[in-house]
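Enquirer: Read in order, the letters of the sequence shown correspond to residues 3 to 350 in my numbering.
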Amino acid sequence: MRIAQVAPLFESVPPKYYGGTERIVSYLTEELVRQGHDVTLFASGDSVTRARLVAGCRRSLRLDKHCLDQMAHHVLMLENVCQRLGEFDCAHFHVDYLHYPLSRRARTPQVTTLHGRLDIPDLQPLYAEFRDMPVVSISNSQREPLPGANWQATIYHGLPQDLYAFNAAPGEYLAFLGRISPEKRVDRAIEIAREAGMPLRIAAKVDDVDQDYFDDFVKPLLQHPLIEYVGEIGDGEKQEFLGCAIGLLFPIDWEEPFGLVMIEALACGTPVVAYRRGSVPEVLSDGQTGFIVDDIEGATAAVRRLSGLDRHACRESFERNFTAARMANDYVRVYGTLASARQWKVPA
């Protein structure tokens, strides 16, 4: 198939550091190319891909200090995409709802993966209007706030099977990986580690919008001797960081749409202790690939039981459920359904 992948421009594809959406776009794009599809990737100019790259800006906007209006670059990219839609059998968007007014007036089959949270009241009237836009959820939990949307499938994220290696002999520390923000609750992770008497290594970015939260609430907690903050890390450092951890802490305080870091840990054979929110029960098998908990007391008890879990079961769950090949196959089925049905209606 001739497929367009349309990525956000905030990060490169794949991202240099943090960037879940752009990382998934990369894994999907490269797997589709590997399977023999003709793929065009619309992304930032510093992206790296075996697909045909069409640059929407010179470099990822988060790293471009000269960029003052990020939306301007996205509008220009979407206009470019829409001018070229006739070249594709299906266009796959990863930019939320920005393209909907253009897409509903085009004749090429299209689908949008919604990567973020949907439990936002402002989205209700938007999706009431754009009921014709085919969308894909990344967990069943994610779609609950918008039952009337035009859902095509739930497709769990996937990683290249050889991206991370299995580690049967971890170290003795807990890991926290991702982003420091109120909903990710690194403060809970610190409390859990302190209660359990186990070292915690924190590898996480701090966005500008969360800097005050970090300075006022998190930074004072980092002084404890069991806690080590290593800052933001890239893909090349995740293997050692996750693979050598006895467990990953995922003590979220929001309805997490998916939680990519959970399957990154499972790929290394590292079990996860996570709060029962959002997609967690869909990703983890309680008592096998980690523990699903409801409070600090339960999390502390779970941490002390991590050594009793079979790390091979974590890796096997990843290989069975969360590979890029499985993800790409699921999307190709959606592309084929949309392309064969030719349901796309152009408003008068």
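From the three backbone atoms N, C-alpha and C, an ideal C-beta is built for every residue, glycine too.
Keep in mind the model is a prediction, meaning the values are calculated, not measured.
1. So is D212 buried or exposed if we call it buried at 16+ other beta carbons inside 10 Å?
2. Going by DSSP, what residue range makes up the alpha helix (DSSP H) through E242?
3. Quick check on this structure: which residue in F260, R306 and A343 has the alpha carbon closest to the alpha carbon of V282?
4. With F243 and A177 assumed to form a contact (beta carbons below 8 Å), what rounded beta-carbon distance in angstroms separates them?
5. Roughly how many angstroms lie between the CA atoms of F219 and I248, to the nearest whole one?
6. Closest to V305 by C-alpha separation, out of G289, S319, M3 and F320, would be which residue?
7. Between the stretch 130 to 147 and the stretch 108 to 117, do three or more beta carbon pairs fall short of 8 Å?
8. So, helix, strand or coil for C316, using DSSP?
9. Go ahead and pull the three-state DSSP assignment for E81.
10. Please report how far the alpha carbon of V41 lies from the alpha carbon of E174, in whole angstroms.
11. Report yes if the CB atom of D48 is closer than 7 Å to the CB atom of S62, and no otherwise.
12. As an exercise, report each continuous alpha helix (DSSP H) stretch of at least 4 residues that is fully enclosed by the stretch 229 to 310, in chain order.
13. According to DSSP, is G180 part of a helix, a strand, or is it coil?
14. Who are the Cβ neighbours of S14 in its own chain at under 6 Å, not counting the five residues just before and after it?
15. Hey, could you find the ends of the beta strand (DSSP E) Y156 is sitting in?
16. Report the residue ranges of all beta strand (DSSP E) runs contained in full by the stretch 93 to 140; include only those spanning at least 3 residues, in chain order.
17. Within its chain, find whatever has a CB closer than 8 Å to the CB of I254; leave out the 5 residues flanking it on each side and keep chain order.
18. For K207, which beta-bridge partners are listed by DSSP?
19. Please list, in chain order, all residues of the same chain as I26 whose beta carbon is under 6 Å from its beta carbon, the five residues on each side excluded.
20. When the Cβ atoms of the stretch 146 to 162 are set against those of the stretch 221 to 235, are three or more pairs found closer than 8 Å?
21. Which one of L128, D121 and E131 has the shortest CA to CA distance from R145?
Expert: To lay it out plainly:
1. The count along the sequence shown starts at 1 and reaches residue 212 at position 210. Per the 10 Å Cβ criterion, buried.
2. As a working mapping, residue 242 is identified with position 240 in the sequence shown. Element bounds for E242: D237 to G245.
3. The residue given as residue 282 occupies position 280 in the sequence shown. If we check each option's Cα against that of V282, F260 comes out closest.
4. Taking the first residue of the sequence shown as 1, we reach residue 243 at position 241. Taking the first residue of the sequence shown as 1, we reach residue 177 at position 175. 6 Å between Cβ atoms; contact.
5. The residue given as residue 219 occupies position 217 in the sequence shown. The residue given as residue 248 occupies position 246 in the sequence shown. Looking at the two C-alpha atoms, the distance is approximately 26 Å.
6. In the sequence shown, residue 305 corresponds to position 303, counting from 1. Closest option to V305, Cα to Cα, is G289.
7. Contact between the stretch 130 to 147 and the stretch 108 to 117 is present, because at least three Cβ pairs lie under 8 Å.
8. In the sequence shown, the residue the question calls residue 316 occupies position 314. If DSSP states are grouped into helix, strand and coil, C316 belongs with the helices.
9. Numbered from its first residue, the sequence shown carries residue 81 at position 79. Residue state, collapsed to three classes: helix.
10. Here residue 41 is taken as the residue at index 39 of the sequence shown, counted from 1. Here residue 174 is taken as the residue at index 172 of the sequence shown, counted from 1. Roughly 43 Å separates the two Cα atoms.
11. If you number the sequence shown from 1, residue 48 lands on position 46. If you number the sequence shown from 1, residue 62 lands on position 60. It is a contact, given that the beta carbons lie within the stated cut-off.
12. As far as the stretch 229 to 310 is concerned, its whole alpha helix (DSSP H) runs of at least 4 residues are 237 to 245, 262 to 270, 282 to 285 and 298 to 306.
13. Taking the sequence shown and counting its residues from 1, the one referred to as residue 180 is at position 178. The answer is strand: DSSP assigns G180 an E or B state.
14. As a position in the sequence shown, residue 14 is number 12, starting the count at 1. S46, D48, S49 and S62, listed in sequence order.
15. Numbered from 1 along the sequence shown, position 154 holds the residue referred to as residue 156. Here residue 156 is Thr; the residue named in the question, Tyr, does not match the sequence. Under the DSSP assignment, T156 falls in the beta strand (DSSP E) whose first and last residues are N152 to T156.
16. List check, beta strand (DSSP E) in window: 112 to 115 and 136 to 139.
17. Along the sequence shown, one-based indexing puts residue 254 at 252. Cβ neighbours of I254 beyond the five flanking positions: E185, K186, R187, G261, A276, Y277, R279, G280 and V282.
18. For the purposes of this step, residue 207 is identified with residue 205 of the sequence shown, where counting begins at 1. Paired residue(s): R181.
19. Start at 1 with the first residue of the sequence shown, and residue 26 comes out as number 24. Apart from the 5 residues on each side of it in sequence, I26 sits with its Cβ closer than 6 Å to the Cβ of H159 in its chain, given in chain order.
20. No, because fewer than three Cβ pairs between the stretch 146 to 162 and the stretch 221 to 235 fall closer than 8 Å, the two stretches do not touch.
21. Stepping through the sequence shown from its first residue, residue 145 is reached at position 143. Checking every option, the nearest Cα to that of R145 belongs to D121.
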